[in-house]
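Read the structure below first, then the notes.
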Amino acid sequence: IMLMSGFPEECLSSQWFDVEQSHSKLDIVILLLCFDIYPNVCFHISKRKLLTNEGREALLNENFVNYGREIPIFPSSFFLRSILSENSNFNKLKIFS
Numbered sequence: 111i112m113l114m115s116g117f118p119e120e121c122l123s124s125q126w127f128d129v130e131q132s133h134s135k136l137d138i139v140i141l142l143l144c145f146d147i148y149p150n151v152c153f154h155i156s157k158r159k160l161l162t163n164e165g166r167e168a169l170l171n172e173n174f175v176n177y178g179r180e181i182p183i184f185p186s187s188f189f190l191r192s193i194l195s196e197n198s199n200f201n202k203l204k205i206f207s
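Note that the sequence shown ends on residue 207 in my numbering; no numbers are left out.
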């Protein structure tokens, strides 16, 4: 499927990562796997700004669990977190930041 979609064959070769160290490629692999596993995702751009999987920008409600005075610091660049919001656009969404 990936070859028919235009991905080069080298993309399918085995890759080794040291999980104890930071690797931007590993973060991207995790992101792609999560996008496949969780179809309801969005990307956290800044303090309140989100990018939905349709490519639309959205803002978090001030009552959201990650909203606060300080900019949240996450343990990795792609951190999975449930969004709890009454806004129908964010029901059952996951957030990456």
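By construction, the Cβ of each residue, glycine as well, lies at the ideal position given by its N, Cα and C atoms.
Q: Measure the C-alpha to C-alpha separation of LYS159 and GLU120 and round it to an integer number of angstroms.
A: Straight-line measurement puts the Cα of GLU120 at about 35 angstroms from the Cα of LYS159.
Q.
Please return the same chain residues whose Cβ sits closer than 7 angstroms to the Cβ of SER186, not counting the five positions on each side in sequence.
A. Residue confidence for SER186 is low, a pLDDT of 47 falling below 50, so the modelled location carries little weight and cannot support an answer.
Q.
From the DSSP secondary-structure annotation, give me the bridge partner or partners of GLU167.
A. GLU167 is bridged to LEU161.
Q) Going straight from the alpha carbon of MET112 to that of PRO118, what length do you get? A) Answer to the nearest angstrom: the Cα atoms are 8 angstroms apart.
Q: Taking all protein chains shown into account, decide if LEU143 is buried (16 or more other Cβ within 10 angstroms of its Cβ) or exposed.
A: It counts as exposed.
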